[in-house]
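The working numbering applies: residue 3 is where the sequence shown begins, and numbers increase by one. Structure, as structure tokens:
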Amino acid sequence: MAGHRASQVANAPSAADTRSGWKEIAETLELDIITGKLHLREHLVEDDLIKRFRASRYAVRRALDEMHALGLVVRNQNRGAYIRDYTAQEVQDLFGVREILESAAARQIPMPVSDDFLRSLASLQEQHDAAMREGDYFRLFSLNNAFHQTLFSACGNTALNKAIAHYSMQVQPIRMQFVHNENRRKQTSEEHWEMIEALKRGDSKALARVCVQHLSVTKQLFLKGLEGKL
Numbered sequence: 003m004a005g006h007r008a009s010q011v012a013n014a015p016s017a018a019d020t021r022s023g024w025k026e027i028a029e030t031l032e033l034d035i036i037t038g039k040l041h042l043r044e045h046l047v048e049d050d051l052i053k054r055f056r057a058s059r060y061a062v063r064r065a066l067d068e069m070h071a072l073g074l075v076v077r078n079q080n081r082g083a084y085i086r087d088y089t090a091q092e093v094q095d096l097f098g099v100r101e102i103l104e105s106a107a108a109r110q111i112p113m114p115v116s117d118d119f120l121r122s123l124a125s126l127q128e129q130h131d132a133a134m135r136e137g138d139y140f141r142l143f144s145l146n147n148a149f150h151q152t153l154f155s156a157c158g159n160t161a162l163n164k165a166i167a168h169y170s171m172q173v174q175p176i177r178m179q180f181v182h183n184e185n186r187r188k189q190t191s192e193e194h195w196e197m198i199e200a201l202k203r204g205d206s207k208a209l210a211r212v213c214v215q216h217l218s219v220t221k222q223l224f225l226k227g228l229e230g231k232l
């Protein structure tokens, strides 16, 4: 019993752990996925992470819990934690649902949108493009999320927004893979500006079409990569 209590004390959160330590670990691991240092199916060994970050076991486990909640990590009783992987059918299914949801949200946005909304969206995209030029991939990915959250919030359907956020989270490891792909980064920026232009024209059909195209390109690139591994 004494040994068990000592173990509990050793693994208990310190002030640093509960404040920011685990967040820094999670953000660093997320950046590793974005930059290609961590790959799909890669095993995340707690002891290795403890040594790497000089952190407590609590902080490492809390970071992995956060990544699991974000859909980045799968936790298995026998295998431990590892970066999520996908079959071709899972990719088709998840992106198919996203296409339905996001095109529906695009069509539900009341037109015309306000000038303030357009300025807000354009400002996010300008920051996105600046992060792209600077090679700040973590900020780039965060701004990409903010752009889409802002865009779809305009549909006014809270339940639909929650569904979009849920299924977007389900494919985060896939989306992260293409942040360091220069061609896809540039293409993403162009597609975002096309969405803004469609909003300016009040063209719901064009907006929905670009949203589906935006998803389809990433889906096809990932599926092509899967074929190359078979």
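C-beta: ideal position from N, C-alpha, C; glycine also. Just so you know, these numbers come straight off a predicted model, no measurement behind them.
Which whole-angstrom value describes the C-beta separation of residue i and residue j, a residue pair presumed to lie in contact below a C-beta threshold of 8 Å?
i, j, result
"GLY23", "HIS182", "Rounded, the Cβ-Cβ distance is 26 Å, inconsistent with contact."
"LEU40", "GLN174", "LEU40 to GLN174, Cβ: 13 Å. No contact."
"LEU66", "PHE140", "Not quite, the Cβ-Cβ distance comes to about 18 Å (not below 8 Å), so this is no contact."
"HIS130", "HIS194", "7 Å"
"ILE27", "PHE143", "Not confirmed; about 17 Å, so no contact."
"LEU153", "MET197", "7 Å"
"ALA200", "VAL214", "With a Cβ gap of about 12 Å, ALA200 and VAL214 do not count as contacting."
"TYR84", "HIS45", "5 Å"
"ARG63", "LEU74", "Contact doesn't hold; Cβ gap of about 15 Å is too wide."
Exposed or buried, which one is residue i when buried takes at least 16 other CB atoms within 10 Å?
i, result
"ALA304", "It is not possible to answer for residue 304, since the shown part of the chain is limited to 3 through 232."
"MET113", "exposed"
"GLU229", "exposed"
"ALA90", "exposed"
"ARG81", "exposed"
"LYS221", "buried"
"ALA108", "buried"
"ARG121", "exposed"
"GLN79", "exposed"
Look at the alpha carbon of residue i and the alpha carbon of residue j, and state the distance between them as a whole number of angstroms.
i, j, result
"GLU184", "LEU223", "13 Å"
"ALA156", "ILE52", "43 Å"
"VAL219", "SER105", "15 Å"
"ARG43", "LYS202", "42 Å"
"GLU48", "ALA57", "10 Å"
"ASP205", "ILE102", "18 Å"
"GLY158", "PHE55", "42 Å"
"ASN146", "ASP138", "12 Å"
"ASP118", "PHE149", "14 Å"
"ALA111", "SER125", "Here the sequence assigns Ile to residue 111, which means Ala is not the residue at that position. Their Cα atoms are separated by approximately 19 Å."
"ALA210", "TYR60", "44 Å"
"GLN127", "SER191", "8 Å"
"GLN189", "VAL93", "21 Å"
"GLN172", "ALA165", "11 Å"
"ASP95", "GLN151", "21 Å"
"GLU29", "GLU136", "19 Å"
"ARG177", "PHE97", "11 Å"
Sort out for me which residues DSSP pairs residue i with in a bridge.
i, result
"ASN185", "BP columns for ASN185 are empty, so no partner."
"ARG211", "According to DSSP, which records beta bridges pairwise, ARG211 is partnered with nothing at all."
"HIS130", "According to DSSP, which records beta bridges pairwise, HIS130 is partnered with nothing at all."
"TRP82", "Sequence inspection shows Gly at residue 82; the Trp mentioned does not correspond to that position. Looking at the DSSP assignment, GLY82 forms a beta bridge with ASN78."
"LEU46", "ALA83"
Keeping to the same chain, check which residues put their C-beta closer than 6 Å to that of residue i; ignore five residues upstream and five downstream.
i, result
"HIS216", "GLU193"
"ARG187", "MET134"
"GLU68", "ALA28"
Give me, in chain order, the residues of the same chain whose beta-carbon lies closer than 8 Å to that of residue i; leave out the 5 immediate sequence neighbours on both sides.
i, result
"VAL99", "TYR169"
"ARG77", "LEU66, HIS70, ALA83"
CB-CB under 7 Å to residue i, same chain, minus the five flanking residues each way: which ones, in chain order?
i, result
"ALA208", "ALA200"
"VAL115", "ALA156, LEU201"
"PHE180", "ARG186, THR220, LEU223"
"GLY227", "none"
At a cut-off of 7 Å, is residue i close to the ligand NAD when judged by its beta-carbon and the heavy atoms of the ligand?
i, result
"ARG56", "This structure lacks the ligand NAD, and indeed carries no ligand of any kind."
So, is the C-beta of residue i closer than 8 Å to a C-beta in chain B?
i, result
"SER144", "This model lacks chain B altogether; it includes just one protein chain."
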